[in-house]
Amino acid sequence: MISTLGHFVLFLALGLSLYAAAGAVFGARTRREDWRASSRNAVLAQFCLVTLAIFLLEYALITSDFSLRYVANNSTRGSLVRYKIAGLWGSLEGSILLWAWLQSLFSALVVARYGDRHEAVMPYVQAVLQGIAAFFLLVMTFAVNPFTPLVPVPPDGRGLNPLLEVTDMLVHPLLLYLGYVGFSVPFAFAMAALITGRLTDEWLKYTRRWTVIAWLFLTGGIFYGGWWSYRTLGWGGYWAWDPVENASFMPWLTGTAFIHSVMIQERKRMLKVWNLALITLTFALVIFGTFLTRSGILASVHAFADGPVGALFLGFLALVLLFSLGLIAYRADRLKGHGELDSIVSRESAFLLNNVVLIGICFTVFLGTIFPLLTEAIRGTKISVGTPYFNRVSVPLGMALLLLMGIGPLIAWGRASWNNLRRNFVKPILVAAAGTAVVFALGVRQAEALLAFCCSFFVVGTIALEFFQSTRARARATGERLPVAFAALLLKSRRRYGGLIVHLGVVIAIIGIAVSSVYKVEREVTLKPQERLEIGPYTIQFHDLRAGEQPTHVLVWANLSVSKGDRPLADLRPGQRFYPNQQSPFASVDARYHWTEDLYTILSTFERDGSSATIKAMINPMMAWIWIGGVVILLGVLVAVLPERRLAMLSVRVKAQAT
Amino acid sequence: MTWKRLLIPLASVPVILLLAYGFRTDPKAIPSPLVKKPAPEFRLTVFGGGEISLAGLKGKPAVLNFWASWCYPACYEEAPLLEATWRKFKDQGLMVVGVDIQDKEANALEFIQRFGFTFPNAPDPGSKVSIDYGVYGVPETFFVDRHGHIVYKHIGALTPGILEAQVQALLKGS
């Protein structure tokens, strides 16, 4: 019943998508508002239908209706409701349904936001967004139907992979998907601009906020994924340059480049082709990422399917690339930029360099990701590249980026004068020198860490200087007190200051990344009960091994107590979880998290009779800074994109409190 | 539109072709670096007593099979094949050696009895031999020629076709 209904709803939604796309184009060509209006309604109706499909599948998941194969494979009766809900994106079919739904949601939001305005471009934007939605619906209706029935109905389902039965599963994939799908909106606007030939900066103006919001979700998803991996996977790291991690990182890099390069176009009328190419590349990389996870062509911990769907995604990727690059080629005449670089010492050249570096990192990551395929195709041998390759290239490029992050926002447009340079950079350089001297005195000797600190201090110096000078100038001009002037400033040029806060967050995260990777301490020791392990300033005592039955698994854990000097600090219980359906146990990490350093413990192996346990302990200094940096980035983006009205109210309140 | 402009979209074609090529490969099939290299030496105590070592096989081609009683169904599928092959070719000088890894002795003996193994089987204490051979799952099978070189490694359950062909090649081999 639910199977037939679900499948029917998907078919109907596919039909509506195709109608909405075709109707919008027809309405735009013939200039008939009735067609355009009808296609807008179709977009909304299509959104309702896909929402219904989501409800149907969620209903089946929550009520454990194992007459659907997808439910039987991704849910068990015993699971908590929240993990039953998360089953929707636990595997291939459901994740595609979720994607289609988000795509429909964004499409409907665009219709709701702009209504019948901008009638020249909007129909094409809709057509592109609905075309993408149609692709995902097509994949479901013809290749991987989430509503496939299962006969006979099994008494219980297989359930999610135990690694996914954690609350993080409710956040990380959703953030990533929102980011991925979010980038389809600026992409659709870019395509509409190319199709209609309205190649002014109009499309950039409309898409600015959409892009930043998509970037926010993608950034949040990547950070959250790292945090999840760090707390639960039990290898003490947060990023492994796994193909699928790379697949999320690449559109992030090009998206970040895009956010910066559009500013040059707005200001200097340059880089028109470049911007179109960047957003095309970003969207293509998003599809490339989904292709990677769903085709099984590269080995990865994240990959969850192989089979016909990979070929469909590759076909779609080819279509996206040929269509959008073809359009750019077609419009090449009208895309000539107007401006030129006046001077190499200018903001636009700093931004340009930032773009080059970001694309450089992206290319490096892309090459590393597909390297096994490349070598096998050319030489017939499989060569995988690992972390050292990625680090060797991305660390120096990352440093260059950091430096540019300090220079870009403060250097003058056009041609920077000596005066401009002196006014903006002498003090930050002094801050960098002083700060580096301090950390050197504190014992930091490692060249990479020193360099990271030096660049970071420089950037922090520029940001602080900018905030300070502007606040003081405003306070003098208006007679406001400094905090009030600061808040007013933040609210007035939110894009600029929000951006600077984002930069601050990036710096904080980079310090965390640099210090935690350079100064990580790791020890692995086999202990008998009551024996101790010394690591850094900590003493870890192993008391005993315990085992206990949990609702879904058996947990074996070691009781540890941690002390620093004579002071007892914490009791830790690292363990291993044994699931009936899984061949190997899963780590259960325990750690003492602190903003200065984390003490991280893992139970590696143990004797069944409890006579000994092998404990792996790690000190990860300043790890928390990475996550704090992520939060600061989030705040910065919110400052930059929150709607005017909300902030106006806030600013009134700030003023009221100040008086 | 001039042909030069076509180069912009056409630039994406090689990448797409490369990705399409990916469908023809299996990312998990990693060729063993040991193939065409001398097989690592081993010395094991056979179930029920006696010793077996690589040096002791000199001159005889060998099929070295890594198995475990808990490896169901793959090891159970190939076990009768191994025994049949051993019976068929032992007179032509073929050796078959089973290495039982990460197992309980009682279960392993039951497995041997169940399939009536008559070729030598030995446990691998501390998984030393499996580590030397880079075994990362069971079953895995190594084909070692007369000169003690590994000529082929098979991952997963053996099929009659592969086993027969590899053994023929070993016996015929230089």
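Sequence order for the protein chains is A and B. Note that my numbering gives residue 498 to position 165 of the first sequence, counting from 1, and the numbers run on in steps of one. Note that my numbering gives residue 326 to position 165 of the second sequence, counting from 1, and the numbers run on in steps of one. Backbone N, C-alpha and C fix where the C-beta goes; we use that ideal spot for every residue, glycine too.
Residue i versus residue j - alpha carbon distance
i                 : j                 : result
Val764 of chain A : Phe791 of chain A : 6 Å
Thr302 of chain B : Pro705 of chain A : 25 Å
Leu382 of chain A : Trp432 of chain A : 14 Å
Leu319 of chain B : Arg275 of chain B : 18 Å
Lys251 of chain B : Val207 of chain B : 18 Å
Leu860 of chain A : Ile868 of chain A : 14 Å
Lys601 of chain A : Phe684 of chain A : 12 Å
Leu618 of chain A : Met583 of chain A : 7 Å
Ala453 of chain A : Trp536 of chain A : 12 Å
Leu549 of chain A : Gly898 of chain A : 43 Å
Gly719 of chain A : Gly570 of chain A : 15 Å
Asp449 of chain A : Phe359 of chain A : 15 Å
Ala808 of chain A : Arg680 of chain A : 27 Å
Arg941 of chain A : Gly317 of chain B : 29 Å
Ala810 of chain A : Ala361 of chain A : 51 Å
Arg925 of chain A : Lys825 of chain A : 41 Å
Val296 of chain B : Asp285 of chain B : 12 Å
Asp575 of chain A : Phe699 of chain A : 11 Å
Identified DSSP bridge partners for residue i
i                 : result
Trp890 of chain A : A:Arg879 and A:Gly908
Ile228 of chain B : Checking the displayed sequence, the identity of residue 228 of chain B turns out to be Trp instead of Ile. Note: Trp228 of chain B sits in a beta bridge opposite B:Asp261.
Trp895 of chain A : A small correction: the amino acid at residue 895 of chain A is Val; Trp does not occupy that position in the sequence shown. In the DSSP output, where bridge partners are listed per residue, Val895 of chain A has A:Ile873 and A:Ala903.
Arg865 of chain A : A:Gln874
Ala223 of chain B : B:Met256 and B:Val305
Span of the beta strand (DSSP E), counted from its first residue to its last, around residue i
i                 : result
Pro313 of chain B : Pro is not the amino acid found at residue 313 of chain B; the sequence shown has Tyr there. Looking at the DSSP string, the run of the beta strand (DSSP E) that includes Tyr313 of chain B is Ile311 to Ile316.
Pro284 of chain B : Asn282 to Pro284
Gly869 of chain A : Note, Gly869 of chain A: premise wrong, no beta strand (DSSP E); not H, not E.
Ala950 of chain A : Ala946 to Pro954
Ser921 of chain A : Phe919 to Ser921
Glu857 of chain A : Val854 to Leu860
Leu932 of chain A : Glu930 to Phe939
Leu205 of chain B : Arg204 to Thr206
Ile744 of chain A : Taken as a continuous stretch (DSSP letters only), Ile744 of chain A belongs to no beta strand (DSSP E), as it is neither H nor E.
Thr409 of chain A : No beta strand (DSSP E) contains Thr409 of chain A, which DSSP labels as neither H nor E.
Thr302 of chain B : Glu301 to Val305
Ile213 of chain B : Glu212 to Ser214
Element boundaries [alpha helix (DSSP H), containing residue i]
i                 : result
Gly693 of chain A : Arg680 to Arg712
Leu783 of chain A : Ala780 to Thr811
Ile292 of chain B : Lys289 to Asp293
Asp367 of chain A : Glu366 to Ile395
Ser850 of chain A : Arg827 to Val851
Ile612 of chain A : Lys605 to Ser628
Glu239 of chain B : Ala235 to Phe250
Ala330 of chain B : Pro321 to Lys333
Val461 of chain A : Met455 to Phe475
Asn579 of chain A : Pro576 to Lys601
Val443 of chain A : Leu425 to Tyr447
Neighbourhood of residue i by C-beta, 6 Å cutoff - its chain only, sequence neighbours within 5 removed
i                 : result
Tyr912 of chain A : Pro495 and His886
Pro487 of chain A : Phe399 and Ala405
Pro485 of chain A : none
Trp958 of chain A : Ile841, Ile844 and Gly845
Gly309 of chain B : Pro199 and Ala200
Contacting residues, own chain, Cβ-Cβ under 7 Å from residue i (five flanking each side not counted)
i                 : result
Ala229 of chain B : Cys236, Asp261, Ile262, Gln263, Asp264 and Val299
Leu823 of chain A : Tyr830 and Val972
Ala476 of chain A : Pro641, Val642 and Leu645
Pro321 of chain B : Leu242
Trp746 of chain A : Arg600, Ser679, Arg680 and Glu681
Sequence-distant residues of its chain with Cβ nearer than 8 Å to residue i (five each side left out)
i                 : result
Leu975 of chain A : Arg827
Ile528 of chain A : Tyr457 and Leu660
Thr668 of chain A : Reading off the sequence shown, one finds Leu at residue 668 of chain A, where the question assumed Thr. The residues are Leu532, Lys605, Val606, Leu609 and Ile661.
Gly334 of chain B : Pro222, Asp306, Arg307 and Val312
Gly947 of chain A : Note on residue identity: the sequence assigns Thr, not Gly, to residue 947 of chain A. Glu857, Val858, Thr859, Leu860, Leu936, Ser937, Thr938 and Phe939, listed in sequence order.
Pro194 of chain B : Gly295
Residue i Cβ short of 8 Å to the ligand NAP heavy atom set
i                 : result
Met738 of chain A : In the structure on display, the ligand NAP does not appear, and there are no ligands present to speak of.
Next item on the list: Could you please tell me which residues of the region 681–714 of chain A, in chain order, have their CB closer than 8 Å to any CB of chain B?
Entry: Ile703, Pro705, Leu706, Leu707, Glu709, Ala710 and Thr714
Checklist line | Residues, ordered as in the chain, of the region 230–256 of chain B that lie near chain A by beta-carbon distance below 7 Å | finding: none
Notebook entry, point to check: Of the residues that make up the region 380–400 of chain A, which ones have a beta carbon closer than 9 Å to any beta carbon in chain B?
Noted result: none
Item checked: Within 8 Å of chain B by C-beta, residues of the region 462–476 of chain A in sequence order -> none
Item checked: Near-chain B residues of the region 655–677 of chain A - C-beta to any C-beta below 7 Å -> Leu655, Leu658, Gly659, Ile661, Ala662, Tyr663 and Ala665
Margin query: So if I threshold CB-CB distances at 8 Å, which residues from the region 902–924 of chain A count as touching chain B?
Written below: none
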